[in-house]
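Quick notes on the structure that follows.
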Amino acid sequence: MKNYTNNQLLLKEYIKQEFEENGSYKDENSYFEFLAAQQLVKDYDLSDEEIENGLMGGGLDGGCDAIYIFSNGVLVNDDVFETLTIPKEMKLELVIIQAKNTTSFKEDAVMKWKTISENLLQFSNAIGGFTGRYNENVLRAFENFRLLHMKAIRSRVKLHFNYVYVTLASELHPNVVAQASELEKIIRRLFPSKNVTVDVKFVNSDALMDRINSISETRFVLPLSDTPINIGEKKDYVTLVNIAKYYRFIVDEYGDLRKNIFESNVRDYQGKNSVNNEIQESLSNSTGEDFWWLNNGVTILASETSQETGKELVIVKPEIVNGLQTSTEIYNYFRQHPDMLETEVRNVLVRVIVPNDDASRDRIILATNNQTNIPKSSLRATDPIHWQIEMYFKGRGLYYDRRKNYYKNLGKKSSEIVSISFLAQCLMSLILQKPNYARARPSTLLENQENYERLYLSHQNLSVFYNSAKLGKIVEKFVKSNGGFTTTEKTDILFYVLYWVAVQKIGKTDINIEDVRDLDLNYFGDDKINVAAQYVYCEYKQLGGNNQIAKSSTLIDSLKAKKNLFMQDDAV
Numbered sequence: 140m141k142n143y144t145n146n147q148l149l150l151k152e153y154i155k156q157e158f159e160e161n162g163s164y165k166d167e168n169s170y171f172e173f174l175a176a177q178q179l180v181k182d183y184d185l186s187d188e189e190i191e192n193g194l195m196g197g198g199l200d201g202g203c204d205a206i207y208i209f210s211n212g213v214l215v216n217d218d219v220f221e222t223l224t225i226p227k228e229m230k231l232e233l234v235i236i237q238a239k240n241t242t243s244f245k246e247d248a249v250m251k252w253k254t255i256s257e258n259l260l261q262f263s264n265a266i267g268g269f270t271g272r273y274n275e276n277v278l279r280a281f282e283n284f285r286l287l288h289m290k291a292i293r294s295r296v297k298l299h300f301n302y303v304y305v306t307l308a309s310e311l312h313p314n315v316v317a318q319a320s321e322l323e324k325i326i327r328r329l330f331p332s333k334n335v336t337v338d339v340k341f342v343n344s345d346a347l348m349d350r351i352n353s354i355s356e357t358r359f360v361l362p363l364s365d366t367p368i369n370i371g372e373k374k375d376y377v378t379l380v381n382i383a384k385y386y387r388f389i390v391d392e393y394g395d396l397r398k399n400i401f402e403s404n405v406r407d408y409q410g411k412n413s414v415n416n417e418i419q420e421s422l423s424n425s426t427g428e429d430f431w432w433l434n435n436g437v438t439i440l441a442s443e444t445s446q447e448t449g450k451e452l453v454i455v456k457p458e459i460v461n462g463l464q465t466s467t468e469i470y471n472y473f474r475q476h477p478d479m480l481e482t483e484v485r486n487v488l489v490r491v492i493v494p495n496d497d498a499s500r501d502r503i504i505l506a507t508n509n510q511t512n513i514p515k516s517s518l519r520a521t522d523p524i525h526w527q528i529e530m531y532f533k534g535r536g537l538y539y540d541r542r543k544n545y546y547k548n549l550g551k552k553s554s555e556i557v558s559i560s561f562l563a564q565c566l567m568s569l570i571l572q573k574p575n576y577a578r579a580r581p582s583t584l585l586e587n588q589e590n591y592e593r594l595y596l597s598h599q600n601l602s603v604f605y606n607s608a609k610l611g612k613i614v615e616k617f618v619k620s621n622g623g624f625t626t627t628e629k630t631d632i633l634f635y636v637l638y639w640v641a642v643q644k645i646g647k648t649d650i651n652i653e654d655v656r657d658l659d660l661n662y663f664g665d666d667k668i669n670v671a672a673q674y675v676y677c678e679y680k681q682l683g684g685n686n687q688i689a690k691s692s693t694l695i696d697s698l699k700a701k702k703n704l705f706m707q708d709d710a711v
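So for the sequence shown, our numbering puts the first residue at 140; every next one is plus one.
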């Protein structure tokens with residue numbers, strides 16, 4: 140009998156308990172793929188939905204259980220790919236994860252990486268030529284990486300390939316290491332540039348346990364240039380901070396921006412526009428004025444602050460809600476001029492505020508970000524209706540994640556957390572009868588003002604939102620835990636099943652707000668969902684059973700046309 144290390148035994152028990160509590164995966168091995176990806180991309184601060192969307196699973200994955208693409212540390216989703224702004228300097232990362240719930244590392248896994256890299260990272264090879272050899276999700280991920288690299292060809296692109304193999308092993312055989320060395324040589328032959336880095340990492344039981352036990356840093360020390368102005372009883376401060384010390388405050392130990400402390404900032408970095416060019420000009424070509432004379436500064440929200448010394452603030456859970464452009468330009472400046480870090484004397488104006496409550500927090504975010512031309516869709520989460528939804532859900536066992544990963548960081552189960560995009564997808568599928576649109580554009584649904592106003596009426600009965608989300612979660616759990624569907628199929632049919640099981644209950648295809656409001660959620664047991672799921676799945680497969688079918692109107696039109704036939708079959 141094999142002797143397991145303590146960490147191996149503890150991890151086996153941890154995986155078992157987490158799998159049983161999650162309840163959305165067919166077995167421990169499939170759950171381990173999610174768990175491994177969750178831990179390995181922890182530094183990118185992804186939501187569980189974003190992590191799950193990167194899982195390839197279901198066979199024909201070429202050794203890629205999960206794939207994630209990052210542009211300057213920001214996840215690149217399918218639906219934002221075409222509209223992604225290409226900065227002048229880009230760090231393009233391809234993260235590939237192989238996760239096996241075993242106690243050894245095998246050469247075969249790395250050999251698969253070598254083969255798929257030769258096949259799909261060689262730009263002269265047509266992606267379509269490998270249909271049938273690799274699944275649809277894998278092909279699309281590699282195609283997106285190639286297209287993004289092509290799109291950014293005029294920018295200064297730094298490529299980073301990060302292959303991560305994780306198991307419960309305690310030892311690593313030299314032959315596996317040799318395979319990794321050969322993989323690195325393949326990538327360097329395909330991308331012969333000094334701006335390319337390749338990492339092949341092996342995460343064993345000890346390293347995985349360390350990742351699981353690590354927590355996100357919440358307490359930060361901000362060095363000050365002088366004694367700050369303290370305003371009010373809440374310990375709010377206005378202060379000047381040396382821009383070199385501010386740079387160190389906003390980067391991690393690897394010198395990358397701490398994306399999590401910018402999470403509440405509703406604007407993305409706008410690239411080399413006129414405002415940012417002026418900020419960079421004032422940094423690079425000092426004319427004698429202090430930087431804060433020429434810049435509006437930064438606003439930081441915190442859950443708690445304390446002045447430990449005359450020139451040092453401790454900030455708990457900082458959120459930079461205004462000043463992303465300024466912060467990013469400061470970051471870019473010192474990345475290009477690291478020699479200036481020790482001699483820099485200029486300052487940036489920083490406001491640190493402890494809001495009275497969530498409503499006050501939202502008003503501050505809205506006010507500090509509404510002074511420039513910002514798309515209305517970016518400010519959705521601060522609309523009063525979303526705060527009302529959050530409060531309504533909380534009293535009924537669901538947690539509306541207006542603030543990304545807020546409830547995840549509080550330890551709430553992913554099965555109880557409803558993201559802004561997931562609720563929008565459920566509403567779009569039920570009330571607008573567009574599960575195809577929900578499937579195709581999960582991150583950009585709320586950018587359409589007309590759709591937004593139809594779905595998020597300020598006087599809307601809150602049970603409409605709750606019933607949509609709750610039913611969505613019930614259906615999601617069934618579809619994800621059903622072993623009969625591949626990972627791709629689960630993603631493609633989820634919102635169609637949600638719509639169709641509601642049609643099954645209501646008896647008509649043109650579902651309206653009142654229908655959703657009055658839904659009896661007790662009706663939707665596994666037997667009812669299974670009937671709808673199998674019908675949707677059969678129709679999906681007959682029409683071609685691929686990503687294009689799920690994202691077009693073909694499937695929804697076909698389902699609606701056959702509604703009466705379905706109702707007759709269901710009655711029988």
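Glycine included, each C-beta is placed from N, C-alpha and C at the ideal position.
Just so it is clear, the structure is predicted and the values come from calculations on it, not from any experiment.
Assignment of beta-bridge partners to residue 358 by DSSP yields 455. The segment 483–502 makes contact with the segment 428–445, as at least three CB pairs between them are under 8 Å. Looking only at 602, 550 and 309, the smallest Cα-Cα distance to residue 562 is reached by 602. Between the segment 283–296 and the segment 305–325, the count of C-beta pairs closer than 8 Å stays below three; the two stretches do not touch. Every alpha helix (DSSP H) stretch that sits fully inside the segment 517–601 and reaches 4 residues is listed by chain position as 523–533, 545–548, 559–569, 574–579 and 588–594.
The C-alpha of residue 188 is placed about 12 Å away from the C-alpha of residue 540. Inter-segment contact for the segment 381–388 and the segment 359–369 is present: three or more beta-carbon pairs are separated by less than 8 Å. The segment 269–276 and the segment 187–206 touch, with three or more beta-carbon pairs separated by less than 8 Å. Across the set 379, 444 and 300, the C-alpha of 300 shows the shortest separation from the C-alpha of residue 340. Taking the C-beta atoms as reference points, residue 503 is found nearer than 8 Å to residue 492. Ranked by Cα distance from residue 662, the options 304, 166 and 609 are led by 609. Between the segment 538–556 and the segment 651–662 there are fewer than three C-beta pairs closer than 8 Å, too few to call the two in contact. Setting aside the 5 residues that flank it on each side, residue 368 is surrounded in the same chain by 376, 377 and 378, each with a C-beta closer than 8 Å to its C-beta; the list follows chain order. Within the segment 209–273, the complete beta strand (DSSP E) segments at least 3 residues long are 228–238, listed from N- to C-terminus. Between residue 470 and residue 389 the beta-carbon gap is near 6 Å, inside 8 Å, which marks them as a contact. Residue 445 is a Cβ neighbour of residue 453, given a cutoff of 8 Å. Here residue 233 is not near residue 255, since their CB atoms are 8 Å or more apart.
Excluding five sequence positions before and after residue 436, the CB atoms of its chain that fall closer than 8 Å to its own CB belong to 462, 465, 487, 488, 489 and 490, given in chain order.
Per DSSP, residue 493 lies in no beta strand (DSSP E) segment and is marked neither H nor E. Measuring C-alpha to C-alpha distances from residue 192 to each of 548, 688 and 628 identifies 628 as the nearest. Excluding residues up to 5 positions away in sequence, 226, 229 and 230 lie with their Cβ nearer than 7 Å to the Cβ of residue 211 in the same chain.
Residue 175 and residue 573 have their alpha carbons spaced roughly 33 Å apart.
Comparing alpha-carbon positions, the option among 700, 148 and 593 lying closest to residue 309 turns out to be 148. 639 is the residue among 537, 621, 639 and 528 whose C-alpha sits nearest the C-alpha of residue 575. When secondary structure is reduced to three states using DSSP, residue 399 falls in the helix class.
Residue 260 is positioned such that its CB atom lies closer than 8 Å to that of residue 329. In this structure, residue 699 places its C-beta atom within 8 Å of the C-beta atom of residue 648. For the pair residue 625 and residue 669, the Cα-to-Cα distance works out to about 16 Å. Within its own chain, the residues whose Cβ lies closer than 8 Å to the Cβ of residue 318, once the five positions on either side in sequence are excluded, are 246, 249, 250 and 253, listed in chain order.
Contact between residue 692 and residue 164 is absent: CB atoms are separated by about 31 Å, not below the 8 Å threshold.
As a beta-bridge residue in DSSP terms, residue 445 pairs with 453.
For residue 577, the CB contacts under 8 Å within the same chain, skipping 5 residues up- and downstream, are 563, 564, 565, 567, 568, 584 and 634 in chain order. For residue 650, there is no enclosing beta strand (DSSP E), as DSSP marks it with neither H nor E.
In the structure shown, the three-state DSSP call for residue 200 is coil. Considering only 685, 153 and 697, the residue with the shortest C-alpha distance to residue 274 is 685. Here DSSP, grouped into helix, strand and coil, assigns residue 389 to helix.
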